[in-house]
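Line by line, the protein sequences give chains A and B. Going left to right, the first sequence walks through residues 999 to 1178 as the working numbering numbers them. Going left to right, the second sequence walks through residues 340 to 1009 as the working numbering numbers them. Note that CB positions come from ideal geometry on N, CA and C, so glycine has one too.
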Amino acid sequence: MRMTTSDEDLALAAARGDGAAFSALVERHYDRLFGLCFRLTGSRAEAEDLTQDICAALPAKLATYKSRARVTTWLYRVAVNAAHDRRRRQASHGRAAEGWGDWELARQAADAETHDRLDWLSRAMTRLPEDLRDTLALVLDDMTHAQAGAVLGVSEGTVSWRLSEARKHLKALKEKEGAP
Amino acid sequence: MKTHDDLDDLKAAFDAATPAPDPARKADTLRLARENFDRHQGSANPARLSSVTAPRGFMTGVKRMFATLTGKRALTLTTAIVACGLVVLTPAGRDLLNLPARGPIMADRGPTADQPQVTPRPADTVAPPAEEPAIAPVTDTLADTLVAPTTPPRAEAELLQNRVPAAPTPSPQAGVETRAPLGLNAVANPQDARVAPPPNTETFANEDPNPLKVTAREPVSTFSIDVDTAAYSVVRNSLERGALPPPQAVRIEEMINYFPYDYPAPEPGAAPFEPSVNVFETPWNAETQLVHIGIQGTLPALDDRPPLNLVFLIDTSGSMEDPSKLPLLRQSFLMMLDQLRPEDQVAIVTYAGSAGMVLEPTPASDRATIAAALDTLSAGGSTNGQGGLEQAYAAAETMAEAGEVSRVILATDGDFNVGLSDPGALEDYIADKRDSGVYLSVLGFGRGNLQDATMQALAQNGNGTAAYIDTLSEAQKVLVDQLTGALFPIANDVKIQVEFNPAQVAEYRLIGYETRALNREDFNNDQVDAGELGAGHSVTAIYEITPVGSPAILNDPLRYAAEAPADAATDEIGFLRMRYKAPGDSESQLIEMPFATTGAPGTPGTPGTEAQFAAAIAGFGQLLRGDAQYLNGWDYADAIALANANRGADPFGYRTEAVQLMRLAQSLDN
């Protein structure tokens, strides 16, 4: 049953308090959301945290879901906003993390392993201006320019323009550092 | 379309690099999301009222509809629907459409049936576009419909659509609904998600108005002082949003005590506060009198105040994102910083969001660091498992040194997820910490989820004040103008007991203080907690008394009662006793004084401006609560006249604002 229900119906049911629908919705989108968060943050640990933040906050955000919107558009908008919030919080998080002890140290060690492989990608992403990075992350997630525009609240043309800007940035970066 | 070659490379690289999500982490996250979801479905509280609480009948619905249907789109829509109704419901119209004759389509739709001009979606062929919320008054049955999960979804959808108010809805909070047990399962309609106001989970603490007491039977009245001001701010916030406040939000003593009064200050070296009693004719009843008790706290020399340790415990849950919450809080605290001294210390702890200690104890002079920490606060994110409250108290204890005053200031919009979920345990914990010398004040922000009752309970247990901050000017009043009083108690556990003389007073009633009533024996029991008086604060209590022999006496004398042992020789109306503890003491001290009318018994004295203004506010509060039975037709216009005549110096403009609020209430009450 649940597998054939559309995202939109699930979201509406969840907004009305249907817990099963909510679970199904989150489960269905978790992997894709994680992928997007990875593109937005460039780090596995960050992406997992961000995904968790988003999922944890989703119940409160359901009220903002309008039935006319596609669930993915809405969900990605929530994700992009959450990523912004997270970047803004980075400084205080960094300070708070000092007190987290062993668990955090172990996590950071695990991070470091994957870090080398992702080095260029995450550096490339983090050097892009925020708006370009968000746009790029969405388009790399197989969204059309129009869909990405809907998520970001900008026009299709702006998305295309931002992509060409992003390309220029990446190209400059490649030339500076040599091919990945 | 440009070629995507370079991006394709990047995409391929990313696809290869994207790790598979960790299944354990995924399971955790899903579980957390589910838990949050369940919590978000709200409490199991029984029916509660949203901010406007007048019961809404069908006619009110119709009136509201006409009142709100002024938008161009709405008017067009109404007209269109009337046209549709005409076409479908009149024989001529049906001929026009060549529809097969059918019965009155809406006959089973309850009250809407006799309002054909607003009957929505009469026939499938001429239904208005589905996107347009159909128009009809909200009827009584809305609540029933909302909580009838047995209704088949489709039918329910139609019912709701019929009853949802049209496009230009008033402010979301202005919606009047008795929200029934809010397992959201009950709200089962897609349209509803679009138009229903957000669930209002406010709760208010109040009791029934104090009843009239017969002096011969119950001559003693005991209560604790109340220096909170939250009720007045909530009333103002409601009125300024165009709705009368919920009657249970109106605590009259908090409205009266919102205003500074110019009562005589105590002599230096005497008791920390000075009581003064005025007896004068009741504005709303010429046959009764008001006993106005004003208490003025001393204002110690500010220069030698002890250093302050403040721990801000800030709610950063998602709901705090609203401009009237976290951003206002940030500005308010910045304003307050200017009032602090270099030797004062500030720490910031957050809960329900970004983790833990945001600012280690920092001297108040380091404004840049504190401001930067405030700027990093942002709402949202997952719940922090650690007990924010415990952390705040721990921080306060590390900062405390002998002779300093430590206080935790909890700022929230009603989410008390501070680490202790059982309200009783939370109160005990705070009371325990109070005894160890760390006080707690509560600042409420924003509307919609304000847990007024919890705020009250916590602040009362923490020897602190509960204030509600709705505007920057209120923040200025609480955190700048009256900061000293709010942070430095000069007398703890202040209790008031009044014994009336049955030979002079036949009946009396205390106006307000319903939530602060104490048992008679509690007065002398130092274990019983009561309110704190801050430096320079004043407290006012007002009784309405009916003198013996007045035609306004409501209770007939008892035939078999013993004759009152009247001492006709005295013109004393009553005897005022007050108990308080000096800060840090555990033994209370007693102040006693008799009071009488000036001049002959039964002849009221001349009230001062301050007492008259307090009386105007007392009357205003009773009007808002709907306790009109004692007011004899005295109305908002009278309150406005009385308040206007007694504004006094009003250096901060609070009284002027009160008059404006009375005028607003007067218009809204019609």
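- In the DSSP assignment, B/Lys-664 falls outside any beta strand (DSSP E) and carries neither an H nor an E.
- Excluding residues up to 5 positions away in sequence, Ile-687, Thr-689 and Ala-712 lie with their Cβ nearer than 6 Å to the Cβ of B/Val-697 in the same chain.
- For A/Ala-1054, the nearest CB of chain B lies under 8 Å from its own CB, placing it at the interface with that chain.
- With respect to the 8 Å criterion, B/Val-833 and B/Tyr-778 are not classified as neighbours on the basis of their beta carbons.
- A Cβ of chain A is located within less than 8 Å of the beta carbon of B/Lys-365.
- Proximity of the stretch 614-628 of chain B to the stretch 850-869 of chain B falls short of the contact definition, fewer than three beta-carbon pairs being nearer than 8 Å.
- In the three-state scheme derived from DSSP, where H, G and I count as helix and E and B as strand, A/Leu-1060 is classed as helix.
- In the three-state DSSP reduction, B/Asn-545 falls in the coil class, being neither helix nor strand.
- Taking 8 Å as the cut-off between beta carbons, the residues of the stretch 1002-1031 of chain A near chain B are Leu-1010, Ala-1012, Ala-1013, Arg-1014, Gly-1015, Asp-1016, Gly-1017, Phe-1020, Ser-1021, Val-1024, Glu-1025, Tyr-1028 and Asp-1029, in sequence order.
- Our two residues, B/Lys-365 and A/Lys-1059, have alpha carbons roughly 20 Å apart in a direct line.
- Under the Cβ criterion of 8 Å, B/Ala-372 is counted among the residues facing chain A.
- Within the stretch 634-661 of chain B, the residues whose Cβ lies closer than 8 Å to any Cβ of chain A are, in chain order, Gly-657 and Ser-658.
- Checking the DSSP bridge columns, you'll see B/Glu-911 partnered with B/Ala-935.
- Taking 8 Å as the threshold, the shortest C-beta distance from B/Ser-889 to chain A does not fall below it.
- Beta-bridge annotation (DSSP): B/Ile-979 is not paired with any residue.
- Around the C-beta of B/Gln-951, 16 or more other C-beta atoms lie within 10 Å, and the residue is accordingly described as buried.
- Here the C-alpha atom of A/Arg-1068 lies approximately 24 Å from the C-alpha atom of B/Pro-360.
- For B/Val-566 against B/Gly-873, the beta-carbon gap comes to about 6 Å, under 8 Å, which counts as contact.
- With its beta carbon at least 8 Å from every one in chain A, B/Asn-858 lies outside the interface.
- Per DSSP, B/Val-589 lies in no alpha helix (DSSP H) and is assigned neither H nor E.
- It is roughly 47 Å from the alpha-carbon of B/Ala-351 to the alpha-carbon of B/Gln-730.
- Here B/Asp-642 is exposed, its C-beta having fewer than 16 other C-beta atoms within 10 Å.
- The alpha-carbon of B/Asp-677 is positioned some 27 Å away from that of B/Thr-995.
- The distance from the Cβ of B/Glu-546 to that of B/Ala-570 is about 13 Å, inconsistent with a contact at the 8 Å cut-off.
- Look at A/Arg-1014 here: in three-state DSSP terms it is coil, with no helix or strand label.
- In this structure, the straight-line span from the alpha carbon of B/Ile-748 to that of B/Ala-796 is close to 14 Å.
- Here B/Asp-966 carries a coil assignment [DSSP, helix/strand/coil].
- Counting along the chain, the unbroken beta strand (DSSP E) around B/Arg-746 starts and ends at 744-751.
- For B/Glu-626, the enclosing beta strand (DSSP E) begins and ends at 624-636.
- Between the stretch 856-876 of chain B and the stretch 655-671 of chain B, the count of Cβ pairs shorter than 8 Å is below three; the stretches do not touch.
- Every beta strand (DSSP E) of 3 residues or more that sits fully in the stretch 795-821 of chain B is shown, in chain order, as 805-808.
- In terms of Cβ geometry, B/Thr-568 and B/Ala-957 do not form a close pair [threshold 8 Å].
- Proximity of B/Ser-717 to chain A, defined by a Cβ-Cβ separation below 8 Å, is satisfied.
- B/Arg-859 counts as exposed, since fewer than 16 other beta carbons sit within 10 angstroms of its beta carbon.
- Under the 10 Å beta carbon count, B/Ser-563 is surrounded by 16 or more other beta carbons and is classified as buried.
- The beta-carbon of B/Lys-816 is placed no less than 8 Å from the nearest beta-carbon of chain A.
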